[in-house]
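In our numbering, the protein residues as written are 379 to 666.
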Amino acid sequence: MDNLKGMAWMTLAMLGFALADMFIKFASETLPVGQILAMFGLGGGLVFGIIAKAQGVRLISPVLLMPPVLIRNLSEMAATVGVVTAIALIPFSTFSAIIQANPLLVTLGAALFLGEPVGWRRWTAIVIGLIGVLIIIRPGLEGFNANVWFAVMGVIFLSARDLATRPVPKTISTAQLSAYSMAAIVPAGLGVLAFTGGAAWPEPVIWGAMAGAIVMGLVAYFSITQAMRVGEISVVTPFRYTRLIFALLIAVLIFDERPDLWTLVGAGIVIATGLYSFAREARVAKAG
Numbered sequence: 379m380d381n382l383k384g385m386a387w388m389t390l391a392m393l394g395f396a397l398a399d400m401f402i403k404f405a406s407e408t409l410p411v412g413q414i415l416a417m418f419g420l421g422g423g424l425v426f427g428i429i430a431k432a433q434g435v436r437l438i439s440p441v442l443l444m445p446p447v448l449i450r451n452l453s454e455m456a457a458t459v460g461v462v463t464a465i466a467l468i469p470f471s472t473f474s475a476i477i478q479a480n481p482l483l484v485t486l487g488a489a490l491f492l493g494e495p496v497g498w499r500r501w502t503a504i505v506i507g508l509i510g511v512l513i514i515i516r517p518g519l520e521g522f523n524a525n526v527w528f529a530v531m532g533v534i535f536l537s538a539r540d541l542a543t544r545p546v547p548k549t550i551s552t553a554q555l556s557a558y559s560m561a562a563i564v565p566a567g568l569g570v571l572a573f574t575g576g577a578a579w580p581e582p583v584i585w586g587a588m589a590g591a592i593v594m595g596l597v598a599y600f601s602i603t604q605a606m607r608v609g610e611i612s613v614v615t616p617f618r619y620t621r622l623i624f625a626l627l628i629a630v631l632i633f634d635e636r637p638d639l640w641t642l643v644g645a646g647i648v649i650a651t652g653l654y655s656f657a658r659e660a661r662v663a664k665a666g
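Below is the structure:
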C-alpha cells in the first residue's frame with residue numbers, strides 16, 4: 379500500500395468533483411435542470427461505455443438485472459436529480475456543506491441495512507453529525523431556503539448508491555457500473571425536462587461548461603478508484619473532506635458567496651464527527 383499516493387489521488391478526486399459541480403452551476407444559469415441531467419448522463423455514459431467495451435465487457439448482460447445493480451442505478455438517478463437541482467437553486471457553499479454528510483449516512487446505512495457493527499461512540503458521532511446538518515439547513519428559521527431539501531435528497535441517495543455498490547461482485551468493472559449509472563440519469567433528466575420544459579440549444583460557452591463537468595467527473599471517478607486501490611481505506615477516506623475546502627474557495631472566489639457563521643459551524647461539526655467515525659472504525663478494525 380502506498381498511502382501518500384492514495385491521499386494524493388483522493389484529493390485530486392475531490393478537486394474533480396468540486397470543479398464538476400462548478401461547471402454544472404455555470405450551465406444551470408441558462409439550461410433547465412432536466413436538460414443538464416440528460417446531457418451529463420449521455421456524455422458520461424458514452425465515455426464509460428467506450429471504456430468498458432475496450433476492456434472487453436458486454437454492456438447488455440444479465441448484470442443489469444442484479445438487485446444491487448438495479449438499486450444502485452435507481453439511487454444514482456434520484457441522487458443526481460437532487461444534486462443538480464440543489465446546485466442550480468441554492469448557494470454553492472451550502473450545497474457543498476450538506477453533501478459532506480455522505481460518509482456518516484453510509485455508516486448509518488451499513489449498520490441498519492447491512493448488519494455492520496457500530497458501537498455507541500460512532501452512533502453518537504452520527505447523531506451529532508446529523509445535528510450539524512440541521513444547523514446548516516436551519517429549517518423553520520428566518521432565511522430558510524426550502525430548496526436545500528434537494529441537497530438532502532441528493533446526499534441520502536448518494537449514500538444509498540454507495541451502500542448498494544458493496545454487494546456488487548468484484549468481477550464487475552468500475553467502468554461497467556459507471557456506464558449503467560450514467561445511462562440511468564438520461565431518462566431521469568428527460569422526465570424532469572418533460573415536467574418543467576424550457577429546453578434550449580446551448581451556447582458555445584455552455585457546451586464548454588458541460589464538457590468540463592463530464593471531464594472533471596471522469597477524472598474524479600478514476601481518481602477515487604485509484605485512491606481506494608493504492609492506499610489504505612482508513613488513511614485515504616478522510617481526505618474526502620478536502621472537497622469542502624475546494625468548494626468553499628470556488629464559492630468565494632468564483633460565485634462571490636460569503637458563507638455565514640452557522641453554515642461553517644454546521645460543516646465543521648459534520649466533518650469533525652465524520653473524521654472521528656473514520657478514526658474509530660480504523661481503531662476497531664486494527665484491534666480486531
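Note that CB positions come from ideal geometry on N, CA and C, so glycine has one too.
Between the alpha carbons of V608 and A386 lies a distance of about 10 Å.
Here M588 carries a helix assignment [DSSP, helix/strand/coil]. As the crow flies, the alpha-carbon of V593 is around 14 Å from that of A405.
Distance from the Cα of R499 is smallest, within the candidate group K664, A663 and T651, for T651.
In this structure, DSSP gives D380 a state outside helix and strand, which the three-state scheme calls coil. With a cutoff of 8 Å on beta-carbon distance, T408 and I563 are scored as not near each other. Per the coordinates, the alpha-carbon of I506 lies some 15 Å from the alpha-carbon of V484. Counting C-beta pairs closer than 8 Å gives three or more between the stretch 438 to 450 and the stretch 541 to 556, which meets the contact rule.
Setting aside the 5 residues that flank it on each side, V461 is surrounded in the same chain by G532, each with a C-beta closer than 7 Å to its C-beta; the list follows chain order. DSSP places I504 in the helix class (H, G or I) of the three-state scheme. Under the DSSP assignment, R539 falls in the alpha helix (DSSP H) whose first and last residues are V526 to T543. Note that the C-beta distance between K431 and L437 is below 8 Å.
C-alpha of G576 to C-alpha of A489: approximately 42 Å in a straight line.
With contacts defined by Cβ atoms closer than 8 Å, G510 and I647 form a contacting pair.
In chain order, A464, I465 and A529 place their CB closer than 7 Å to the CB of F473, counting only its own chain and leaving out the 5 sequence neighbours on each side. The stretch 565 to 579 and the stretch 613 to 630 do not touch, with fewer than three beta-carbon pairs separated by less than 8 Å. In this structure, the straight-line span from the alpha carbon of E635 to that of I628 is close to 9 Å. Here the C-alpha atom of Q554 lies approximately 38 Å from the C-alpha atom of P637.
Around F491, the same chain offers L541 as residues with beta carbons nearer than 7 Å, after the five sequence neighbours per side are excluded. If you check the CB distance, F535 and M392 do not come in under 8 Å. By the criterion of a C-beta distance shorter than 8 Å, I550 is surrounded in its chain by V441 and V447, once the five residues flanking it on both sides are discounted.
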